[in-house]
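A.B. asks: Before anything else, here's the structure in question.
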Amino acid sequence: MIAPVESAAVTSRPLLSVVSTLYRSESFLEEFVARVSENARLVAEDYEIILVNDGSPDGSLSFALSLARRDPHLVIIDLSRNFGHHAAILAGLAATSGERVFYLDSDLEESPELLPLFWEEMNREALDVVYGRHPQTEGTQFRKVTSNAFWFIFNALSDTPVERNLCHVRLMSRDYVNVLNNMPERSLFLGGLYAWPGFRQKAMSIERKLRRAQSTYDTWKRIGLMTRSIIAFSTRPLEALFLVGALMAALSFVAAGAMIALRIFSSETVMSGFTALIVSIWFLSGVLLAGMGVLGLYIAHIYVEVKARPRVIVRAVHRFGSAPATTSEPAPVKP
Numbered sequence: 003m004i005a006p007v008e009s010a011a012v013t014s015r016p017l018l019s020v021v022s023t024l025y026r027s028e029s030f031l032e033e034f035v036a037r038v039s040e041n042a043r044l045v046a047e048d049y050e051i052i053l054v055n056d057g058s059p060d061g062s063l064s065f066a067l068s069l070a071r072r073d074p075h076l077v078i079i080d081l082s083r084n085f086g087h088h089a090a091i092l093a094g095l096a097a098t099s100g101e102r103v104f105y106l107d108s109d110l111e112e113s114p115e116l117l118p119l120f121w122e123e124m125n126r127e128a129l130d131v132v133y134g135r136h137p138q139t140e141g142t143q144f145r146k147v148t149s150n151a152f153w154f155i156f157n158a159l160s161d162t163p164v165e166r167n168l169c170h171v172r173l174m175s176r177d178y179v180n181v182l183n184n185m186p187e188r189s190l191f192l193g194g195l196y197a198w199p200g201f202r203q204k205a206m207s208i209e210r211k212l213r214r215a216q217s218t219y220d221t222w223k224r225i226g227l228m229t230r231s232i233i234a235f236s237t238r239p240l241e242a243l244f245l246v247g248a249l250m251a252a253l254s255f256v257a258a259g260a261m262i263a264l265r266i267f268s269s270e271t272v273m274s275g276f277t278a279l280i281v282s283i284w285f286l287s288g289v290l291l292a293g294m295g296v297l298g299l300y301i302a303h304i305y306v307e308v309k310a311r312p313r314v315i316v317r318a319v320h321r322f323g324s325a326p327a328t329t330s331e332p333a334p335v336k337p
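For the sequence shown, the positions run 3 to 337 when my numbering is used.
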């Protein structure tokens, strides 16, 4: 028998909140809700399942609503449009009220049966977070290489080291979730946000089974995520840009001194011809454009943050059962 959290007996909030997002999830939903409900009942009598519709273009929302009408534990949050996976996850976490919060993607690539395992591990070691880590065995060779390269570059540049190949699936304490909910970032990289608060966290190796014929993250989305992650958690690209500029200035002084010396003490022509001139111009232009690009990325990141728009807009919250409501009016989730 898996022991519940002791504080649940003295609070009116549910013991467990399960959160997931919906995007092209219609074909997985019925199995997902059935398996999540079955495993939630193993650890908590009082639980809620919050499904966030992230502007899914298929019938995910209508099917989720039909399930919610039959199951009082289900809460459906309908966003006004697609705001992205990470923003939708945080919108779901902001709506939770459970003493513990379990997040799991609705495509069932990670098993809902991980919930009792994570719960037991959290109880045994008094942890704040138990999360999944998968071996990088699925996908094309290109995807494996680029994934490994991303994690190597990110951890080399960032002051917040992140576990390689981590999954979103995780069981979290109320205190930890409250910290995540209070983070104001708009340009999101959840891998870094998960690690930054600290707390007592533990990774558990899990298996993933690819269920989608095609990932909802295309190449450009992955590149954008990589760029945002490095900009959001590291200033080292700016430091590297300064060092490159300083090194080039130092080398130019040395080269200038050498050419002046050769001009004075030697009759040889120094660096004659257009080739050296063109190569130098191209090299310096490339360095300058790259440096401007790095600065532009940081300025764009600042621009997004300064506007302080809400991360998501909630069109409606659908709650058909008798479970205690976390919000009574459809309203934007607080950023």
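Glycine included, each C-beta is placed from N, C-alpha and C at the ideal position.
Where does the unbroken beta strand (DSSP E) through residue 339 begin, and where does it stop?
C.D. replies: Look at the range of the chain in this structure, 3 to 337, and you will see that residue 339 is not part of it.
A.B. asks: Any chance the segment 47-60 sits against the segment 14-30, with 3 or more Cβ pairs inside 8 Å?
C.D. replies: Touching, yes, given that three or more Cβ pairs across the two stretches are closer than 8 Å.
A.B. asks: Over what stretch of residues does the beta strand (DSSP E) that includes residue 316 continue unbroken?
C.D. replies: Taking the sequence shown and counting its residues from 1, the one referred to as residue 316 is at position 314. Unbroken beta strand (DSSP E) run through residue 316: 316-321.
A.B. asks: So, with DSSP's three-state summary, where would you put residue 229?
C.D. replies: In the sequence shown, counting from the first residue as 1, residue 229 sits at position 227. Note: residue 229 maps to helix in three-state DSSP.
A.B. asks: List the DSSP bridge partners of residue 23.
C.D. replies: As a first step, residue 23 is located in the sequence shown; it is residue number 21 there, counting from the start. Paired residue(s): 54.
A.B. asks: Is residue 130 near residue 175, with beta carbons less than 8 Å apart?
C.D. replies: Taking the sequence shown and counting its residues from 1, one reaches residue 130 at position 128. Taking the sequence shown and counting its residues from 1, one reaches residue 175 at position 173. Result yes, Cβ atoms of residue 130 and residue 175 sit closer than 8 Å.
A.B. asks: Report the CB separation of residue 398 from residue 210 in whole angstroms; it is logged as a contact under 8 Å.
C.D. replies: There is no way to answer for residue 398, as the model of the chain reaches only from 3 to 337.
A.B. asks: So, residue 24 versus residue 66, is the Cβ gap smaller than 8 Å?
C.D. replies: The residue you call residue 24 lines up with position 22 of the sequence shown. The residue you call residue 66 lines up with position 64 of the sequence shown. It is a contact, given that the beta carbons lie within the stated cut-off.
A.B. asks: Taking only three categories from DSSP, how would you classify residue 61?
C.D. replies: For the purposes of this step, residue 61 is identified with residue 59 of the sequence shown, where counting begins at 1. Looking at residue 61 - three-state DSSP - the assignment turns out to be coil, as it is neither helix nor strand.
A.B. asks: Can you tell me the Cβ-Cβ gap for residue 285 and residue 173, rounded? I've got them flagged as a contact below 8 Å.
C.D. replies: Your numbering for residue 285 matches position 283 in the sequence shown. Your numbering for residue 173 matches position 171 in the sequence shown. Wrong, their Cβ atoms sit about 52 Å apart, outside the cutoff.
A.B. asks: So, for residue 229: in the same chain, excluding its five sequence neighbours on each side, which residues have a beta-carbon less than 7 Å away from its beta-carbon?
C.D. replies: Against the sequence shown, residue 229 aligns to sequence position 227. Cβ neighbours of residue 229 beyond the five flanking positions: 299.
A.B. asks: Drop a sphere of 10 angstroms on the beta-carbon of residue 321, count the other beta-carbons inside from all chains shown, and report buried for 16 or more, exposed for fewer.
C.D. replies: Along the sequence shown, read from residue 1 onward, the residue named residue 321 stands at position 319. Buried, by the Cβ-count rule.
A.B. asks: Please report the Cβ distance between residue 166 and residue 306, rounded to the nearest whole angstrom; I am assuming they are in contact, meaning their Cβ atoms lie under 8 Å.
C.D. replies: Within the sequence shown, the letter at position 164 stands for residue 166. Within the sequence shown, the letter at position 304 stands for residue 306. That belief does not hold up - the Cβ atoms of residue 166 and residue 306 are roughly 27 Å apart, past 8 Å.
A.B. asks: For residue 80, does the three-state DSSP call read helix, strand or coil?
C.D. replies: Counted from its first residue, the sequence shown places residue 80 at position 78. In this structure, residue 80 counts as strand in the three-state DSSP scheme.
A.B. asks: Quick one: what's got a C-beta closer than 7 Å to residue 116's C-beta in the same chain, skipping five residues either side?
C.D. replies: Walking along the sequence shown from the start, residue 116 turns up at place 114. So the list reads 134, 171 and 208, once near-sequence residues are dropped.
A.B. asks: For residue 107, does the count of other Cβ atoms within 10 angstroms reach 16, so buried, or fall short, so exposed?
C.D. replies: Position 105 of the sequence shown, counted from the first residue, corresponds to residue 107. Buried: at least 16 other Cβ atoms inside 10 Å.
A.B. asks: From this set, 88, 31 and 39, which residue's C-alpha is nearest residue 193's C-alpha?
C.D. replies: Sequence index remark: in the sequence shown, residue 193 carries index 191 (1-based). Taking only the C-alpha atoms, the option nearest residue 193 is 88.
A.B. asks: Do residue 179 and residue 199 come within 8 Å of each other at the CB atom, strictly closer than that value?
C.D. replies: The count along the sequence shown starts at 1 and reaches residue 199 at position 197. The count along the sequence shown starts at 1 and reaches residue 179 at position 177. The answer is no: Cβ separation not under 8 Å.
A.B. asks: If we ignore side chains and look at the alpha-carbon of each, how far apart do residue 190 and residue 86 end up?
C.D. replies: Start at 1 with the first residue of the sequence shown, and residue 190 comes out as number 188. Start at 1 with the first residue of the sequence shown, and residue 86 comes out as number 84. Computed Cα separation, rounded: 10 Å.
A.B. asks: Any idea if residue 294 is buried or exposed, counting beta-carbon neighbours within 10 angstroms, 16 or more meaning buried?
C.D. replies: Within the sequence shown, residue 294 is the residue found at index 292, counting from 1. Under this definition residue 294 is an exposed residue.
A.B. asks: Provide the residue span of the beta strand (DSSP E) that contains residue 206, from first to last.
C.D. replies: Position 204 of the sequence shown, counting from 1, holds the residue named residue 206. Segment 203-207, the beta strand (DSSP E) holding residue 206.
A.B. asks: Quick one, which of 126, 39 and 56 has its alpha-carbon nearest residue 319's?
C.D. replies: Sequence index remark: in the sequence shown, residue 319 carries index 317 (1-based). For the residues 126, 39 and 56, the minimum Cα distance to residue 319 belongs to 56.
A.B. asks: State the DSSP-derived secondary structure class of residue 215, mapped to helix, strand or coil.
C.D. replies: The residue given as residue 215 occupies position 213 in the sequence shown. For residue 215, the predicted structure reports a pLDDT of 48, less than 50, and the residue's modelled location is therefore unreliable. The matter cannot be settled from this model.
A.B. asks: So, with DSSP's three-state summary, where would you put residue 170?
C.D. replies: What you label residue 170 is simply residue 168 of the sequence shown in a count that begins at 1. Note: residue 170 maps to strand in three-state DSSP.
A.B. asks: Would you grab the beta carbon distance between residue 81 and residue 317 for me? Rounded to a whole angstrom, and I think it's under 8 Å.
C.D. replies: Here residue 81 corresponds to residue number 79 of the sequence shown, with the count starting at 1. Here residue 317 corresponds to residue number 315 of the sequence shown, with the count starting at 1. Confirmed, about 6 Å.
A.B. asks: Contact defined as beta carbons within less than 8 Å: I believe residue 114 pairs with residue 41. What is the distance between those atoms, to the nearest angstrom?
C.D. replies: Stepping through the sequence shown from its first residue, residue 114 is reached at position 112. Stepping through the sequence shown from its first residue, residue 41 is reached at position 39. About 5 Å separates the two Cβ atoms, so the contact holds.
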